[in-house]
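The next block holds one structure in the form of structure tokens; read it before the comments.
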Amino acid sequence: MVKKKVLVIGLDCAAPQLVFDQWNEDLPNLRRLMAAGVYGELESTIPPITCPAWMSMMTSKDPGQLGVYGFRNRKDYSYHSYQLTTSHSFAEPAVWDILSQQGRRVILLSVPPSFPPKPINGDLVTCFMTPGDHLSYTHPPSLKREVEQLVGRYQFDVDNFRSEDKQAILTQLYQMAEKRFTLLRHLMRTRDWDFAMMVEIGVDRLHHGFWKYFDPTHRKYQPGSPLEGVGKDYYIYLDQQIGETLSLIDEQTTVFIVSDHGAKKLDGAICINQWLIGEGYLKLKKNPTGVMPLEKADVDWEHTLAWGEGGYHANIYLNVRGREPHGVVEPNAYEQVRDELTRRLQALTDEQGRRIGARVFKPQEIYQQCRGIAPDLIVYLGDLLWRSVGSVGHPSIWILDDSAGPDDANHAQHGIFIMSPCSPPVGRRLDGLHLMDCAPTILHQLGVPVPSDMRGRIIGG
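Residue numbering for the sequence shown follows the working numbering, starting at 1 and increasing by one per position.
Here's what the structure looks like:
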């Protein structure tokens, strides 16, 4: 009997407006999958970032249930104690854990966050968060030698993707994708597998490094740039790699093409802690002589109500009495301060005084529960058209050229979803899809019972 299989190809940050619309005619393999299946925009987590989005997708749990709110999370209620997210940050079972327990064979390649490697019933190569190839990055450990014999030095990520050396970035993007897809196809050919999943981080790096060259609405767009076609060319290349990979499967294999979030232009950055200082929420004992991280500044914690973090969105923490070491916000005033901050954040403007339309979320209202230490507020600045900078000592709250290096794009709330083949009618564009729907849908395709605590619904089921 021919057994049912599932192949998942993740394109980190792949944008629906590019795949489904703008460049669709140039992507024949993705277009063929769409025509034989269903597709649509896939709503991401709040916030829409790689960690925790991929794990939310594959566990069907929200970030609060996972207790992971970003690439780094507060370790305790002290002011500067954080821990980086790793594979050990997640206790909830993912699709591959459930399948492994049932004796199904699994291939897992570069799915974030998978370092350090954890045992599965199959083969695993870790993701872009791997510190280096001098460490063990495979399960079983012996797979590392096989990987390096096949593709040479394995490439986890693009070095210095926030730089002006665009040709070096492009070279690495193509080399990385070629190695990743070559390895995926090798494992698909040489292993007995039921579920295979690969994530390519290069799409994310392309967007951050090159978005201004192909988006005419970007404030830094330059018509006629020799780099104007690099975005479409890379998507075409990935489509070709996907086509080669599809040649290895039969009609009993369901293919998913997914992204953890989308992408959009980046207009600039808001210095969130500089703004909090100006609004009277954050106090420094002395003004910095230059730009510096908040943890190096002389903060007057006994007179500080709130502080924030930088990133593609802003996390804001309140300095609560009895919770933080020098807390000043009375517990019975906690909601009042959060609401006041929310109103002021929603009134934020750009450098020309135009309101940017910040969106502010209370974790307790958007997550089923809040494990670990959640931010007190999660803020989308300009609905993610602006990013957050956490350092202090800036002459203004607005930055139009990020000192951390050029970055053209921010993450968007919706990524892509394609499932093919499916039962008729095919070629349908679906609405209302959420990335937590993916895990139960995959298990359903493989005939595996869906755990009752999974949050998503079965797509097409």
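Ideal placement from N, C-alpha and C gives every residue a C-beta, glycine not left out.
| request: Would you check if the segment 34-49 and the segment 411-430 touch, i.e. whether three or more CB-CB distances between them fall below 8 Å? | output: Segments in contact, yes.
| query | In terms of alpha-carbon separation, which member of 243, 80, 92 lies closest to residue 451? | reply | The option with the nearest alpha carbon to residue 451 is 92.
| Span of the beta strand (DSSP E) around residue 368 | According to the DSSP assignment, residue 368 belongs to no beta strand (DSSP E), since it is labelled neither H nor E.
| Rounded to a whole number of angstroms, what is the C-alpha to C-alpha distance between residue 65 and residue 371? | Answer to the nearest angstrom: the Cα atoms are 6 Å apart.
| query | Out of 109, 238, 361, which has the shortest C-alpha to C-alpha gap to residue 378? | reply | The shortest C-alpha separation from residue 378 is found at 361.
| field | Rounded separation between residue 181 and residue 241 - CA only | value | Using only the alpha carbons, I get a separation of about 7 Å.
| query | Between the C-alpha atoms of residue 83 and residue 74, what's the straight-line distance to the nearest angstrom? | reply | If you draw a straight line from the Cα of residue 83 to the Cα of residue 74, it is about 6 Å long.
| query | Quick one: does the C-beta of residue 303 sit closer than 7 Å to a heavy atom of the ligand FAD? | reply | In terms of ligand content, the structure shown is empty, and the ligand FAD therefore cannot be addressed.
| message | Can you list, in chain order, the residues of its chain with a C-beta nearer than 8 Å to that of residue 120? Leave out the 5 residues immediately preceding and following it. | response | Once the five neighbours on either side are set aside, the close Cβ partners of residue 120 are 96, 97, 100, 106, 108, 139.
| said: What does the Cβ neighbour count give for residue 262, buried or exposed, with the cut at 16 atoms within 10 Å? | reply: The residue in question, residue 262, is buried, as its Cβ has 16 or more Cβ neighbours within 10 Å.
| field | Which of helix, strand or coil DSSP assigns to residue 138 | value | Here residue 138 sits in strand by DSSP.
| Between the Cα of residue 258 and the Cα atoms of 406, 200, 90, which residue gives the shortest distance? | Distances from the CA of residue 258 to each of 406, 200, 90 were compared; the closest alpha carbon is that of 200.
| message | Give me the DSSP bridge partner(s) of residue 271. | response | Checking the DSSP bridge columns, you'll see residue 271 partnered with 389.
| Who does residue 428 pair with in a DSSP beta bridge? | Beta-bridge annotation (DSSP): residue 428 is paired with 38.
| field | Euclidean distance between Cα positions of residue 388 and residue 248 | value | Taking the straight line from one Cα to the other gives about 44 Å.
| field | Start-end ranges of the beta strand (DSSP E) lying completely within the segment 273-335, minimum 3 residues | value | Runs of beta strand (DSSP E) with 3 or more residues, each lying fully within the segment 273-335, are found at 306-309, 314-318, listed in chain order.
| request: Let me know if residue 152 comes out buried or exposed under the rule of 16 or more other beta-carbons within 10 Å of its beta-carbon. | output: Exposed is the call here.
| task | Have a look at residue 189 and residue 155 and give me their C-alpha separation to the nearest angstrom. | result | Straight-line Cα distance between these residues: approximately 21 Å.
| query | Based on the DSSP output, what are the partners of residue 410 in its beta bridges? | reply | Paired residue(s): 264.
| field | Under the three-state DSSP convention, the category residue 441 falls into | value | If DSSP states are grouped into helix, strand and coil, residue 441 belongs with the helices.
| request: Determine the direct distance from the alpha carbon of residue 349 to that of residue 303, and round the result to whole angstroms. | output: Taking the CA atoms as reference points, residue 303 sits about 26 Å from residue 349.
| field | Between the CA atoms of residue 319 and residue 253 - distance to the nearest angstrom | value | Spanning the two alpha carbons is a distance of roughly 52 Å.
| Straight-line gap, residue 160 to residue 130 (C-alpha atoms, nearest Å) | Across the structure, residue 160 and residue 130 are spaced so that their CA atoms are roughly 15 Å apart.
| query | Which runs of the alpha helix (DSSP H), 4 residues or longer, sit entirely within the segment 155-220? | reply | The qualifying runs are 166-190, 202-214.
| request: For residue 227, collect the residues of the same chain with a Cβ closer than 7 Å to its Cβ; drop the 5 residues on either side in sequence, then sort them by chain order. | output: Here the set comprises 166, 210, 213.
| task | Evaluate residue 411 with the Cβ neighbour count: other Cβ atoms within 10 Å of its Cβ, from every protein chain shown; 16 or more gives buried, anything less gives exposed. | result | Label assigned to residue 411: buried.
| query | Excluding sequence positions up to five away, which residues of its chain have a Cβ less than 7 Å from the Cβ of residue 219? | reply | Same-chain partners within the cutoff: 267.
| Taking DSSP as the reference, what is the three-state secondary structure of residue 101? | Residue state, collapsed to three classes: helix.
| message | Could you give the first and the last residue of the continuous alpha helix (DSSP H) run that contains residue 242? | response | Secondary structure note for residue 242: its alpha helix (DSSP H) is the uninterrupted segment 230-246.
| Close-in-space but distant-in-sequence residues of the same chain around residue 78 (CB under 7 Å, 5 per side omitted) | If we look at residue 78 and ignore the five residues flanking it on each side, its Cβ neighbours are 325.
| field | Reduced DSSP secondary structure (H/G/I, E/B, other) of residue 146 | value | Residue state for residue 146 is assigned as helix, using DSSP reduced to three classes.
| message | Just list the residues that DSSP pairs residue 43 with in beta bridges. | response | Residue pairing by DSSP puts residue 43 in a beta bridge opposite 414, 434.
| said: I need the boundaries of the beta strand (DSSP E) containing residue 10, first residue and last residue. | reply: From DSSP, the beta strand (DSSP E) with residue 10 extends over 5-11.
| task | Please go through the segment 77-130 and give each complete beta strand (DSSP E) segment of 3 or more residues, from N-terminal end onward. | result | Runs found: 82-84, 106-109, 122-125.
| message | Quick test of the definition: if touching needs 3 or more C-beta pairs under 8 Å, does the segment 381-399 touch the segment 304-311? | response | The segment 381-399 vs the segment 304-311: in contact.
| message | Given this structure, state the Cα-to-Cα distance separating residue 204 from residue 13, to the nearest angstrom. | response | Distance between the alpha carbons of residue 204 and residue 13: 5 Å.
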